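Numbering-wise, UniProt numbering puts 167 at position 167 of the sequence shown, and it's gapless, one number per residue.
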Amino acid sequence: MKIIISGGGTGGHIFPAVAIANELRRQQPDAEILFVGANGRMEMTRVPEAGYQIVGLDITGLQRSLTPQNLLFPIRVMRAVRKAGKLIEKFRPDAVVGVGGYASAPVLLAATSRGIPSLIQEQNSYAGLVNKLLSRRVDKICVAYEGMEKFFPSEKLVLTGNPVRTEIASGSRAEAFQFFGLNPDKPVLLVIGGSLGARTLNQATAAALSRLKAAGVQLLWQTGKLYSPEAAQQAAPFASDNLKALEFIQRMDLAYAAADVVVSRAGALSVSELCLTGKPSILVPSPNVAEDHQTKNAMALVSKDAALFVSDAEAPAKLYDTALALLQNSAQQQQLTTNVQQLARPAATTTIVDELLKLVRSA
1 MKIIISGGGT GGHIFPAVAI ANELRRQQPD AEILFVGANG RMEMTRVPEA GYQIVGLDIT
61 GLQRSLTPQN LLFPIRVMRA VRKAGKLIEK FRPDAVVGVG GYASAPVLLA ATSRGIPSLI
121 QEQNSYAGLV NKLLSRRVDK ICVAYEGMEK FFPSEKLVLT GNPVRTEIAS GSRAEAFQFF
181 GLNPDKPVLL VIGGSLGART LNQATAAALS RLKAAGVQLL WQTGKLYSPE AAQQAAPFAS
241 DNLKALEFIQ RMDLAYAAAD VVVSRAGALS VSELCLTGKP SILVPSPNVA EDHQTKNAMA
301 LVSKDAALFV SDAEAPAKLY DTALALLQNS AQQQQLTTNV QQLARPAATT TIVDELLKLV
361 RSA
């Protein structure tokens with residue numbers, strides 16, 4: 001069996017893709033899996049680190065502002081579709097999976113035009129334009145939220161939840177404290193702004209370092225690549241207080257295990273991980289995403305009293321008042337944990353692979 005998994009761009013696309021590949025390999029140990037990503041994007045390093053082969057396409061997205069590069073976008077897409085077609089003809093996959101990101105569309109277009117079974121995994125509660133357009137061509141659409149028939153043909157939908165790395169909820173708290181060098185007698189705040197970083201979260205966190213020290217709170221602060229040098233300088237004077245600025249946290253299982261409270265953007269992957277790990281959280285949706293989909297993701301939890309909400313605009317003034325209050329309120333933490341765990345879909349990855357294998361067997 002041969003499967004292509006296409007997409008990437010951010011951890012929110014890459015890690016679900018790797019989770020699908022890992023589960024496919026578990027169920028079908030002899031399966032050949034090829035990833036297709038976009039040259040210059042983080043999947044070109046993260047996927048090989050996970051043990052899989054990846055091929056890159058020269059494809060980028062449309063710029064939000066009017067630029068000369070946008071005039072070249074249709075040409076780049078056509079070239080990427082042609083290259084994807086050649087890859088498909090050489091690899092001869094039994095099915096193709098698209099997880100979103102720049103490379104997903106050319107590969108799915110090339111695959112569906114050749115009659116190859118195809119599946120989209122839509123992570124968000126508000127479907128992206130590309131997936132909406134592709135939904136008429138693909139065979140199956142796995143979604144994480146109810147009500148997605150307003151975006152996709154209902155007969156193709158399967159409610160699966162988002163694929164999350166199975167080890168994410170299995171970290172040992174004792175090992176986590178040792179791994180990060182933390183004091184088990186003091187509370188821990190985990191701040192994650194996505195793989196590239198989040199300006200508002202980073203600025204608010206930098207401004208709150210003295211408050212966290214005074215409150216005896218320890219900090220695991222994933223700054224993202226863009227903000228790492230500045231954040232490292234800001235956190236350096238507080239190193240002895242266990243206020244740690246880290247560009248990227250590889251062992252997220254241990255980071256979640258250590259955390260009492262999590263501050264996070266509301267990307268689909270982060271929300272799914274919070275549900276699975278059962279962590280009390282404060283969600284600060286990014287305003288710089290299509291159709292404000294992170295706010296919609298966040299409200300899926302907030303509306304069920306499974307997370308707290310602070311808008312990006314309010315974050316500089318309000319975020320750390322909210323975080324410190326929650327860290328001091330164990331009853332509220334427990335209530336949020338109870339509610340968010342009810343939203344978890346731990347079998348999501350297995351269900352997605354089951355649907356993929358059904359497509360292959362019925363072809």
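Idealized CB from N, CA, C, for every residue including glycine. Bear in mind that the values here come from a model prediction, so they are computed numbers and not experimental data.
**Asked** Roughly how many angstroms separate the alpha carbons of residue 243 and residue 259, rounded to a whole number?
**Response** Along the sequence shown, one-based indexing puts residue 243 at 243. Along the sequence shown, one-based indexing puts residue 259 at 259. Straight-line Cα distance between these residues: approximately 13 Å.
**Item:** Closest Cα partner of residue 88 within the set 227, 55, 22
**Value:** Within the sequence shown, the letter at position 88 stands for residue 88. Comparing Cα-Cα distances from residue 88 to each of 227, 55, 22, the minimum goes to 55.
**Message:** Quick test of the definition: if touching needs 3 or more C-beta pairs under 8 Å, does the segment 140-149 touch the segment 115-126?
**Reply:** yes
**Request:** Can you say whether residue 82 is buried or exposed, counting buried as having 16 or more other CB atoms within 10 angstroms of its CB?
**Result:** Here the question's residue 82 lines up with position 82 in the sequence shown. Exposed, since its Cβ has fewer than 16 Cβ neighbours within 10 Å.
**residue 222 (DSSP reduced to helix, strand or coil)** = What you label residue 222 is simply residue 222 of the sequence shown in a count that begins at 1. Three-state result, residue 222: strand.
**Request:** Kindly confirm or deny that the segment 189-206 and the segment 305-320 touch, where touching means at least three C-beta pairs closer than 8 Å.
**Result:** yes
**Asked** Just to confirm, are residue 232 and residue 214 a CB contact at a threshold of 8 Å?
**Response** As a first step, residue 232 is located in the sequence shown; it is residue number 232 there, counting from the start. As a first step, residue 214 is located in the sequence shown; it is residue number 214 there, counting from the start. No, these two residues do not count as a Cβ contact at 8 Å.
**Request:** Report buried or exposed for residue 252, applying the criterion of at least 16 other Cβ atoms within 10 angstroms of its Cβ.
**Result:** Taking the first residue of the sequence shown as 1, we reach residue 252 at position 252. Per the 10 Å Cβ criterion, buried.
**Prompt:** Beta carbon of residue 162, beta carbon of residue 268: below 8 Å?
**Reply:** One-based indexing of the sequence shown puts residue 162 at position 162. One-based indexing of the sequence shown puts residue 268 at position 268. Yes, Cβ-Cβ distance for residue 162 and residue 268 is below 8 Å.
**Request:** Determine the direct distance from the alpha carbon of residue 114 to that of residue 93, and round the result to whole angstroms.
**Result:** Position 93 of the sequence shown, counted from the start, is the residue given in the question as residue 93. Position 114 of the sequence shown, counted from the start, is the residue given in the question as residue 114. Distance between the alpha carbons of residue 93 and residue 114: 11 Å.
**Request:** Could you say which of 149, 98, 212 lies nearest to residue 191 if we only look at CA atoms?
**Result:** Taking the first residue of the sequence shown as position 1, residue 191 is located at position 191. The option with the nearest alpha carbon to residue 191 is 212.
**Cβ distance (whole Å) where residue 188 is taken to contact residue 218 below 8 Å** = Translated into positions along the sequence shown, residue 188 becomes position 188. Translated into positions along the sequence shown, residue 218 becomes position 218. Rounded, the Cβ-Cβ distance is 5 Å, consistent with contact.
**Message:** Using a Cβ-Cβ cutoff of less than 6 Å, which residues in the same chain neighbour residue 285 once the five nearest sequence positions on both sides are dropped?
**Reply:** Looking up residue 285 in the sequence shown gives position 285. So the qualifying residues of the chain are 266, 294, 295, 298.
**Request:** Alpha carbon to alpha carbon, how far is residue 319 from residue 274? Give it in angstroms, no decimals.
**Result:** As a first step, residue 274 is located in the sequence shown; it is residue number 274 there, counting from the start. As a first step, residue 319 is located in the sequence shown; it is residue number 319 there, counting from the start. Their backbone Cα atoms lie some 18 Å apart in a straight line.
**Prompt:** Can you tell which of 96, 239, 95, 103 has its C-alpha closest to the C-alpha of residue 78?
**Reply:** Residue 78 sits at position 78 when you count from the first residue of the sequence shown. Nearest option by C-alpha distance: 103.
**Request:** Output yes or no for whether 8 Å exceeds the beta carbon distance between residue 53 and residue 34.
**Result:** If you number the sequence shown from 1, residue 53 lands on position 53. If you number the sequence shown from 1, residue 34 lands on position 34. Taking 8 Å as the Cβ cut-off, residue 53 and residue 34 qualify as a contacting pair.
**Request:** Step through the CB atoms of chain B and report whether any lies within less than 8 Å of the CB of residue 278.
**Result:** As a matter of chain content, chain B is missing from the structure shown, which is built from one protein chain.
**Request:** Please classify residue 133: is it buried, with 16 or more other beta-carbons within 10 angstroms of its beta-carbon, or exposed?
**Result:** Counting from one through the sequence shown, the residue named residue 133 turns up at place 133. Per the 10 Å Cβ criterion, exposed.
**Item:** Spatial distance of residue 97 from residue 288 (CA atoms)
**Value:** Position 97 of the sequence shown, counting from 1, holds the residue named residue 97. Position 288 of the sequence shown, counting from 1, holds the residue named residue 288. When rounded, the distance between both Cα atoms is 26 Å.
**residue 309 - DSSP class collapsed to helix/strand/coil** = Within the sequence shown, numbered from 1, the residue matching residue 309 stands at position 309. Three-state result, residue 309: strand.
**Item:** Cβ neighbours of residue 309 in the same chain (closer than 7 Å, five flanking residues each side left out)
**Value:** For the purposes of this step, residue 309 is taken as residue 309 along the sequence shown, with counting starting at 1. Around residue 309: 283, 298, 302.
**Asked** Bridge partners of residue 371, per DSSP?
**Response** With the chain represented from 1 up to 363, any question about residue 371 goes unanswered, as that position is not in the structure.
**Asked** residue 84 and residue 57: beta carbons closer than 8 Å?
**Response** As a first step, residue 84 is located in the sequence shown; it is residue number 84 there, counting from the start. As a first step, residue 57 is located in the sequence shown; it is residue number 57 there, counting from the start. Yes; because the gap between Cβ atoms is below 8 Å, this pair is in contact.
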